[in-house]
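Data block below; observations after.
There are 2 protein chains.
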Amino acid sequence: MARTPPTKPRKNALQARSRATVDALVEATARILVREGFEKASTNRIAEIAGVSVGSLYQYFPSKEALVAAVIDRHNEEIMGLVRTALTEVADLPIDKAARKLVRVAIEAHRIDPKLHRVLAEQIPRTGQLKDVEAFNREVQTLVRTYLESRRKEMRKIDLAVATFVCVSSIEAVAHNTVLNGPEMLSEKMVRTLVDETTRMVVGYLR
Amino acid sequence: MARTPPTKPRKNALQARSRATVDALVEATARILVREGFEKASTNRIAEIAGVSVGSLYQYFPSKEALVAAVIDRHNEEIMGLVRTALTEVADLPIDKAARKLVRVAIEAHRIDPKLHRVLAEQIPRTGQLKDVEAFNREVQTLVRTYLESRRKEMRKIDLAVATFVCVSSIEAVAHNTVLNGPEMLSEKMVRTLVDETTRMVVGYLR
DNA sequence: AGGAAAAGCGAGCGAATGCTCGCATTATAC
DNA sequence: GTATAATGCGAGCATTCGCTCGCTTTTCCT
Chain D
1 MARTPPTKPR
11 KNALQARSRA
21 TVDALVEATA
31 RILVREGFEK
41 ASTNRIAEIA
51 GVSVGSLYQY
61 FPSKEALVAA
71 VIDRHNEEIM
81 GLVRTALTEV
91 ADLPIDKAAR
101 KLVRVAIEAH
111 RIDPKLHRVL
121 AEQIPRTGQL
131 KDVEAFNREV
141 QTLVRTYLES
151 RRKEMRKIDL
161 AVATFVCVSS
171 IEAVAHNTVL
181 NGPEMLSEKM
191 VRTLVDETTR
201 MVVGYLR
Chain W
1 MARTPPTKPR
11 KNALQARSRA
21 TVDALVEATA
31 RILVREGFEK
41 ASTNRIAEIA
51 GVSVGSLYQY
61 FPSKEALVAA
71 VIDRHNEEIM
81 GLVRTALTEV
91 ADLPIDKAAR
101 KLVRVAIEAH
111 RIDPKLHRVL
121 AEQIPRTGQL
131 KDVEAFNREV
141 QTLVRTYLES
151 RRKEMRKIDL
161 AVATFVCVSS
171 IEAVAHNTVL
181 NGPEMLSEKM
191 VRTLVDETTR
201 MVVGYLR
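In the order they appear, the protein sequences are chains D and W. Mind the numbering: the first sequence is residues 1 to 207 in the UniProt record's numbering, read in order. Mind the numbering: the second sequence is residues 1 to 207 in the UniProt record's numbering, read in order.
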């Protein structure tokens with residue numbers, strides 16, 4: 001059927017120019033989302049802001065949804081980067097030290113780009129991207145659970161799956177709500193208090 | 001400028017017929033949201049499902065957003081009903097009994113209409129309705145905080161505002177995630193476990 | 001019964017949006 | 001230099017959607 005094209009696909013084709021185009025498009029999408037909201041983020045406008053034509057846009061992103069998904073992925077990857085390194089750093093620490101670090105990281109992760117985070121949380125209809133977000137959630141659960149397994153001796157008898165679920169949900173919610181409540185809750189003093197309290201709750205619960 | 005219209009507004013005008021129309025519209029909106037998702041919920045379609053004309057729709061709801069807001073309000077009111085009565089029932093109970101009841105109610109509240117809850121949480125861009133949702137959140141915080149104040153002697157020294165924030169966020173998150181994770185997490189056994197664990201965490205934290 | 005106000009109707013307007021397609025420009029290979 | 005593939009362009013199509021407006025039907029009051 002599909003015979004091999006007589007001319008091999010170009011080698012480093014997807015580079016210099018096109019890579020820049022893709023980046024510009026994702027960046028423009030994020031900018032518009034933050035500055036004007038989801039409703040204003042039409043494909044035409046995104047292309048305009050990116051300094052790219054709509055046609056080119058559709059060469060790299062099959063739909064508007066794909067563009068938004070790319071922004072979400074980029075943001076999630078930033079967050080997951082923090083979380084992953086924190087969890088490896090913490091692997092050999094006792095629960096109380098580890099919990100404190102993880103809580104702190106959770107808040108910091110949500111602070112990476114609060115405005116974008118807010119838009120993604122509040123304005124983007126999660127349609128199809130759900131799978132991606134769920135994947136991130138599952139990864140976090142798995143990582144935390146693995147850590148907890150390695151520290152079982154410090155803990156009381158407890159169903160690890162349930163404990164992980166409760167702890168991760170709680171920490172994530174505190175971080176999330178803190179950031180969404182606006183800058184007034186993000187003073188250094190307040191953050192420290194919240195880290196203290198959340199850590200205390202989680203550690204007290206686990207052992 | 002605007003002189004009083006020579007004919008006074010009718011007395012019990014907004015009744016029998018029109019009340020039914022309004023109800024049909026809100027109900028139809030909720031049905032479409034649950035069964036077909038937010039994207040399919042056009043005003044034309046809502047009117048069609050409600051067995052009402054678009055014209056009539058716009059006599060009672062100035063915009064599509066208003067319709068969705070009505071659905072959200074109705075749902076939130078159901079939830080707040082449960083929460084309010086639970087909190088009055090609990091007013092004279094010690095913290096451990098109270099916490100258990102509140103955690104249970106939180107999960108039950110989210111279970112009222114899980115599919116609708118999911119759509120509202122995942123698909124509806126919160127634009128403008130934010131104020132309403134925030135109002136509900138604040139009410140819950142206030143009610144819980146008032147309860148905790150009355151039980152301060154059972155608790156350790158602690159900033160009540162922070163404690164309330166952490167506890168409410170956590171309980172809400174566990175309930176929310178439990179329901180969103182689908183029916184498999186809603187077995188009676190699982191719910192009981194989750195209530196036990198969350199209660200334990202919160203109570204241990206408060207005292 | 002008669003009339004007036006309330007309620008309801010639904011074709012269709014205007015605007016916006018996602019996306020296509022035929023063509024132009026630029027980079028690469030020989 | 002020339003052929004070929006990659007990249008970029010943007011006017012405009014097709015569709016959808018929120019919403020209006022002129023009109024009809026129902027309800028209520030006297």
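The C-beta atom is built at its ideal place from N, Cα and C for all residues, glycine as well.
Item to check | Contact set for D:A86: own chain, Cβ-Cβ below 7 Å, skip 5 residues either direction | outcome: Locating residue 86 of chain D in the first sequence gives position 86, counting from the first residue. Excluding five sequence positions before and after D:A86, the CB atoms of its chain that fall closer than 7 Å to its own CB belong to K101, L102, V105, given in chain order.
Checklist entry - Do the CB positions of D:L33 and D:T43 come within less than 9 Å of each other? => result For this step, residue 33 of chain D is matched to residue 33 along the first sequence. For this step, residue 43 of chain D is matched to residue 43 along the first sequence. It is not a contact, given that the beta carbons lie outside the stated cut-off.
Next on the checklist: Along the segment 25 to 47 of chain W, where does the CB come closer than 9 Å to a CB of chain D? Name the residues.
Outcome noted: G37, F38, E39
Next on the checklist: Are the CB atoms of W:V203 and W:A99 within a distance shorter than 9 Å?
Outcome noted: As a first step, residue 99 of chain W is located in the second sequence; it is residue number 99 there, counting from the start. As a first step, residue 203 of chain W is located in the second sequence; it is residue number 203 there, counting from the start. For W:A99 and W:V203, yes; Cβs fall inside 9 Å.
Item to check | Ranges of the beta strand (DSSP E) found wholly within the UniProt domain "HTH tetR-type" (19 to 79) of chain D, counting only runs of at least 3 | outcome: none
Checklist entry - Alpha carbon to alpha carbon, how far is W:G128 from W:R192? => result As a position in the second sequence, residue 128 of chain W is number 128, starting the count at 1. As a position in the second sequence, residue 192 of chain W is number 192, starting the count at 1. Inter-residue distance for W:G128 and W:R192 is about 37 Å (C-alpha atoms, whole angstroms).
Checklist entry - Whole alpha helix (DSSP H) runs in the segment 78 to 134 of chain W with 4 or more residues, listed along the chain? => result 95 to 111, 114 to 122
Checklist entry - Should W:L130 go down as buried or exposed, given a rule of 16 or more other Cβ atoms within 10 Å for buried? => result Here residue 130 of chain W refers to the residue found at position 130 when the second sequence is read from its first residue. W:L130 comes out exposed.
Checklist entry - Taking Cβ positions only, does W:N76 come closer than 9 Å to chain D? => result Taking the first residue of the second sequence as position 1, residue 76 of chain W is located at position 76. W:N76 does not count as touching chain D.
Next on the checklist: If we define contact as Cβ-Cβ less than 9 Å, is W:V162 a contact residue for chain D?
Outcome noted: Against the second sequence, residue 162 of chain W aligns to sequence position 162. Closer than 9 Å to some Cβ of chain D, the Cβ of W:V162 qualifies, so yes.
Next on the checklist: D:V166 and D:Y205 - do their beta-carbons sit closer together than 9 Å?
Outcome noted: Here the question's residue 205 of chain D lines up with position 205 in the first sequence. Here the question's residue 166 of chain D lines up with position 166 in the first sequence. Cβ distance < 9 Å, so D:Y205 and D:V166 count as in contact.
Checklist entry - Of all the CB atoms in chain W, is at least one closer than 9 Å to the CB of D:R100? => result For the purposes of this step, residue 100 of chain D is taken as the residue at position 100 of the first sequence. False, the Cβ-Cβ gap to chain W never drops below 9 Å.
Item to check | Partners in chain D for W:D159, counting only beta-carbon separations shorter than 9 Å | outcome: The sequence position of residue 159 of chain W within the second sequence is 159, counting from 1. Going along chain D in sequence order, the residues near W:D159 (Cβ under 9 Å) are T193, E197.
Item to check | Classification of D:L25 by the beta-carbon crowding that lies within 10 angstroms, buried from 16 upward | outcome: For the purposes of this step, residue 25 of chain D is taken as residue 25 along the first sequence, with counting starting at 1. By the 10 Å Cβ count, D:L25 comes out buried.
Checklist entry - So, using beta-carbon positions, are W:E122 and W:L180 closer together than 9 Å? => result Sequence index remark: in the second sequence, residue 122 of chain W carries index 122 (1-based). Sequence index remark: in the second sequence, residue 180 of chain W carries index 180 (1-based). Yes; because the gap between Cβ atoms is below 9 Å, this pair is in contact.
Checklist entry - Would W:N76 pass as a contact of W:D113 if the rule is Cβ separation under 9 Å? => result Counting from 1 along the second sequence, the entry for residue 76 of chain W is found at position 76. Counting from 1 along the second sequence, the entry for residue 113 of chain W is found at position 113. In this structure, W:D113 does not lie closer than 9 Å to W:N76 by Cβ.
Next on the checklist: Measuring alpha carbon to alpha carbon, tell me which residue in W:T199, W:V52, W:K157, W:M201 is nearest W:T21.
Outcome noted: On the second sequence, residue 21 of chain W is found 21 positions in, with the first residue counted as 1. Looking at the Cα atoms, W:V52 is the closest of the given residues.
Checklist entry - Under the rule that 16 or more other beta-carbon atoms within 10 Å means buried, what is W:R200, buried or exposed? => result In the second sequence, counting from the first residue as 1, residue 200 of chain W sits at position 200. Classification of W:R200: buried, given that the 10 Å Cβ count is 16 or more.
Item to check | Closer than 9 Å to chain D by CB, W:H176 | outcome: As a working note, residue 176 of chain W is residue 176 in the second sequence. Taking Cβ atoms only, chain D reaches closer than 9 Å to W:H176, which makes this a yes.
Checklist entry - Beta-carbon separation of W:E172 and D:A173 under 9 Å? => result As a position in the second sequence, residue 172 of chain W is number 172, starting the count at 1. As a position in the first sequence, residue 173 of chain D is number 173, starting the count at 1. For W:E172 and D:A173, yes; Cβs fall inside 9 Å.
Next on the checklist: In whole angstroms, give me the CA-to-CA distance for W:R207 and D:R138.
Outcome noted: Position 207 of the second sequence holds residue 207 of chain W. Position 138 of the first sequence holds residue 138 of chain D. Straight-line Cα distance between these residues: approximately 32 Å.
Item to check | Separation of W:H176 from W:I107, as counted between CA atoms | outcome: As a working note, residue 107 of chain W is residue 107 in the second sequence. As a working note, residue 176 of chain W is residue 176 in the second sequence. The alpha-carbon atoms of W:I107 and W:H176 are separated by roughly 7 Å.
Checklist entry - Which runs of the alpha helix (DSSP H), 4 residues or longer, sit entirely within the segment 179 to 207 of chain W? => result 188 to 206
Next on the checklist: DSSP three-state label for W:L143, please.
Outcome noted: The count along the second sequence starts at 1 and reaches residue 143 of chain W at position 143. Correct three-state label for W:L143: helix.
Checklist entry - Any C-beta of chain W sitting closer than 9 Å to the C-beta of D:V90? => result Numbered from its first residue, the first sequence carries residue 90 of chain D at position 90. False, the Cβ-Cβ gap to chain W never drops below 9 Å.
Next on the checklist: Using the Cβ count rule (16 or more neighbours within 10 Å means buried), how would you classify W:A91?
Outcome noted: On the second sequence, position 91 is the one that residue 91 of chain W refers to. Classification for W:A91: exposed.
Checklist entry - Among W:S18, W:A16, W:R31, W:D23, which residue has its Cα nearest to the Cα of W:L116? => result The sequence position of residue 116 of chain W within the second sequence is 116, counting from 1. Selected option, being the one with the closest Cα: W:R31.
Checklist entry - For the putative contact between W:V119 and W:G37, defined by C-beta atoms under 8 Å, what is the C-beta separation to the nearest angstrom? => result Taking the first residue of the second sequence as 1, we reach residue 119 of chain W at position 119. Taking the first residue of the second sequence as 1, we reach residue 37 of chain W at position 37. That pair is a contact at about 7 Å.
Next on the checklist: I'd like to know if D:R126 contacts chain W, where contact means its C-beta is closer than 9 Å to some C-beta of that chain.
Outcome noted: Position 126 of the first sequence, counted from the start, is the residue given in the question as residue 126 of chain D. Cβ-Cβ to chain W under 9 Å: yes for D:R126.
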